[in-house]
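> First the structure, then my questions, so here it is.
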Amino acid sequence: MTNIIALLMNRNTTFAGSVSLLSFLLTLNLTSNGQFAQAAQPEKAPPALKNLITQIDTASNRGDIKEVMQFYSANFIHGDGLNRQTLEQALKSFWQRYPQLRYSTRLKSWKSEGNTMIAETVTNIIGLPAANSNNLALNATITSRQRIAGTKIIRQDILSERTQLTSGNKPPQVEIKLPQQVKVGQKYSFDAIVQEPLGNDFLLGSAMQETIQPTKYLNPTPVNLELLTAGGLFKTGLAPSTPGQQWISAVILRNDGMTMITQRLQVVKK
524 MTNIIALLMN RNTTFAGSVS LLSFLLTLNL TSNGQFAQAA QPEKAPPALK
574 NLITQIDTAS NRGDIKEVMQ FYSANFIHGD GLNRQTLEQA LKSFWQRYPQ
624 LRYSTRLKSW KSEGNTMIAE TVTNIIGLPA ANSNNLALNA TITSRQRIAG
674 TKIIRQDILS ERTQLTSGNK PPQVEIKLPQ QVKVGQKYSF DAIVQEPLGN
724 DFLLGSAMQE TIQPTKYLNP TPVNLELLTA GGLFKTGLAP STPGQQWISA
774 VILRNDGMTM ITQRLQVVKK
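Every position in the sequence shown, counted from 1, becomes a number in my numbering once 523 is added.
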C-alpha cells in the first residue's frame with residue numbers, strides 16, 4: 524500500500540519593527556528515487572490506498588498527532604532532512620498555532636514497485652484565522668510523492684509547494700512569477716506584483732531566498748521590510764552552485780493587510 528500525507532511544519536519569521544508572523548508551511552511527502560513512469564490512473568487505485576489517504580486527512584483534520592504518527596515508520600526519512608521525531612515536534616507546534624486546519628488530498632497517480640507502492644498526490648490545506656495565530660489565514664497547495672512499505676510511510680519528498688499567509692481586513696492580492704526549476708548558478712527573476720490599485724497606500728515588502736534544511740523549520744529568520752517604490756517586488760536571484768531546493772518568499776504589507784507567499788524552487792545540475 525502507499526499513499527500520501529500532507530502535514531505541515533511551521534517556521535516563525537520575525538520582521539523588523541513590530542511585525543511578526545508565521546513564515547510558511549511545509550508538508551511532508553514521500554517519494555522513490557525512480558522515475559514515475561507507467562503510473563496508473565487514480566480511479567484504478569487499490570481501495571486500501573484510497574482508504575489510507577482518507578484516514579490521514581481525517582486524523583490531520585482532528586489534529587490527532589498520535590494517530591497521524593502511526594502512519595510513519597520508525598526509520599522515516601524526509602527529503603529535507605527531517606526524521607520522525609522532528610516531524611512530530613513540528614506538527615505539535617503547528618497545530619497549536621493553527622487549531623482550525625482543513626486537509627484535502629487528491630490522488631494524482633500511483634504505481635507498485637516491488638513490495639512498496641508509490642503515490643503522487645496534491646494536498647490543499649486551509650487554515651482559518653485564529654486568535655493564537657495573530658489572525659493569520661493560510662492557504663497551501665503541495666504536490667508530493669510517497670513510498671510506503673506495509674502500512675508505514677518510509678520516505679517522503681516534496682515535488683512542489685505554494686503557501687500563502689494573509690492577515691488584516693484587506694490583504695494585498697499578489698501574483699507571483701517564479702520558475703519552478705533553475706540550473707545551478709543560473710540567474711532568475713522573481714516578481715511579486717500587487718494586483719489592485721494602491722491609491723494613497725504605501726507598501727512595505729521584502730523577498731527571501733533560503734536553502735531548505737531541517738533547522739529552518741523551527742528557527743526564526745529575521746527579515747527587514749523596506750519601502751517599495753513600485754507596486755510590488757521585482758528581484759533577480761542567483762541559484763546556488765550545488766543542486767538542492769530553495770524557499771523563495773515574498774512579504775508585502777500595506778496599512779490594512781499583509782500577504783506572504785512562499786514557493787519551492789528546484790535547483791538542478793546543468
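Ideal placement from N, C-alpha and C gives every residue a C-beta, glycine not left out.
Return the residue from the list S627, I641 and Y626 that minimises the CA-CA distance to W490.
The shown model of the chain, from 524 to 793, leaves out residue 490, and the question about it has no answer.
> Taking 8 Å as the cut-off, is the beta-carbon of L788 closer than that to any non-hydrogen atom of the ligand HEM?
Ligands in the displayed structure: none, and consequently the ligand HEM is not present.
> Count Cβ pairs between the region 679 to 696 and the region 611 to 621 that sit closer than 8 Å; are there 3 or more?
Judged by Cβ distances under 8 Å, the region 679 to 696 makes no contact with the region 611 to 621, as fewer than three pairs qualify.
> Measuring CA to CA, which of H601, T674, P720 and F713 is closest to L682?
L682 has its Cα closest to that of H601, out of H601, T674, P720 and F713.
> Give me, in chain order, the residues of the same chain whose beta-carbon lies closer than 6 Å to that of L761; leave out the 5 immediate sequence neighbours on both sides.
If we look at L761 and ignore the five residues flanking it on each side, its Cβ neighbours are K710.
> When DSSP labels each residue in this structure, what does A568 get in the three-state scheme?
A568: coil per DSSP, three-state reduction.
> Among all the DSSP beta bridges, which residues are the ones paired with M592?
For M592, which the question treats as bridged, DSSP gives no partner whatsoever.
> Hey, how far is the Cα of L701 from the Cα of K792?
Near 18 Å, if we compare the C-alpha coordinates of K792 and L701.
> Grab me the residues of N556's own chain with a C-beta within less than 7 Å of its C-beta, minus the 5 sequence neighbours each way, in chain order.
In this prediction, N556 scores a pLDDT of 34, lower than 50, which makes its location untrustworthy; the coordinate-derived value is nonetheless stated afterwards. Same-chain partners within the cutoff: there are none.
> Could you give the first and the last residue of the continuous alpha helix (DSSP H) run that contains F725?
First-last for F725: undefined, no H or E at that position.
> Taking the alpha carbon of L651 as the reference point, which residue from L624, V717 and L630 has its own alpha carbon closest?
For L651, the nearest C-alpha among the options comes from L624.
> Please determine, among Q789, L776 and N778, the residue with the shortest C-alpha to C-alpha distance to Q769.
It is Q789.
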